[in-house]
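Residue numbers (the numbering used here): 189 to 296.
Here is the structure:
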């Protein structure tokens, strides 16, 4: 299983080595191992590979119409998965959800 997570103000992906309820031991695309707090995990996914996931999510983010995305935002607090569903018109797959989060993060 793989994760899409936030670390140091950016998004990264990693393969889960150990899942300890409140934290995970992961290995990134370069082989570096890190301990990640479970609260920083945005998504879990099985496919595609780590590098393909980030490439595809970044492409989705670039294709998102930012004005339309903000129009779909509710006034109250929301989860990015809910907003992604509103934007795409269907429950988002992990790549679409990650793309929406990347786009939101880049345009606060």
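For every residue, glycine included, the Cβ atom is placed at its ideal position computed from N, Cα and C.
By the neighbour-count definition (other C-beta atoms within 10 Å, threshold 16), residue 200 is a buried residue. Under the DSSP assignment, residue 274 falls in the alpha helix (DSSP H) whose first and last residues are 268-276. Rounded to whole angstroms, the separation of the alpha carbons of residue 191 and residue 233 is 6 Å.
When DSSP states are grouped into helix, strand and coil, residue 247 belongs to the helix group. Considering only 209, 292, 279, the residue with the shortest C-alpha distance to residue 253 is 292.
Between the stretch 262-270 and the stretch 214-224 there are fewer than three C-beta pairs closer than 8 Å, too few to call the two in contact.
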